[in-house]
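Colleague: The opening residue of the sequence shown carries number 139 in this note's numbering; numbering runs sequentially from there.
Structure below; questions to follow.
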Amino acid sequence: MTIEINNESDHQVDEQVLLRLMEYNLQELHVSPDADVAIVLVDEGAMESLHVQWMDEPGPTDVLSFPMDELRPGSEDAPTPAGLLGDIVLCPAVAETQAVAAKHSTLDELILLTTHGLLHLLGFDHAEPDEEREMFGLQRELITGFQAVERQRRA
139 MTIEINNESD HQVDEQVLLR LMEYNLQELH VSPDADVAIV LVDEGAMESL
189 HVQWMDEPGP TDVLSFPMDE LRPGSEDAPT PAGLLGDIVL CPAVAETQAV
239 AAKHSTLDEL ILLTTHGLLH LLGFDHAEPD EEREMFGLQR ELITGFQAVE
289 RQRRA
């Protein structure tokens, strides 16, 4: 599995935590170890340009996902085939603002946004109430599981 992380932003980000998060999430979602994904961290200007170009919406956003091979989560018996999942673009500056409002760390917000972006790469959406319940429920499950693994790692 190739997980590429490029920090093109001015913010210091613990890339190792994001790498472990992606490894954990991909394993939990039964994605092939031969799948590839990229995470790019950008400043507000770059994110705003992408937001306008791809979503036709003004201003920077927190996360954008660009799926490639339209892979879906697998199961223990039938993992997702190898392929290119796509790119997750994060804006740490927006994440920092949201983290203050949510009363948690910027890293916690980036963990949430990275997981959210991955679920979008795997075909999840939250446009409809039932889709939102499913996606956000799975998102909470993945983050809670990852946080438990991280606590054990630090103990």
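The beta carbon of each residue, even a glycine, is placed where N, CA and C say it ideally should be.
Excluding sequence positions up to five away, which residues of its chain have a Cβ less than 8 Å from the Cβ of residue 183?
Modeller: The residues are 198.
Colleague: Residues in its own chain within less than 7 Å of residue 140 by CB, not counting five upstream and five downstream?
Modeller: 174
Colleague: Closer than 7 Å by C-beta to residue 280: which residues in its own chain qualify, once you throw out the five before and the five after it? Chain order, please.
Modeller: 163, 166, 253
Colleague: Per the DSSP calculation, residue 203 is bridged to which residue(s)?
Modeller: 226
Colleague: How is residue 232 classed by DSSP in three states: helix, strand or coil?
Modeller: Note: residue 232 maps to helix in three-state DSSP.
Colleague: Would you check if there are 3 or more beta carbon pairs closer than 8 Å linking the segment 148–159 to the segment 222–237?
Modeller: yes
Colleague: For the structure I just gave you, are there three or more beta carbon pairs, one from the segment 193–208 and one from the segment 256–276, closer than 8 Å?
Modeller: yes
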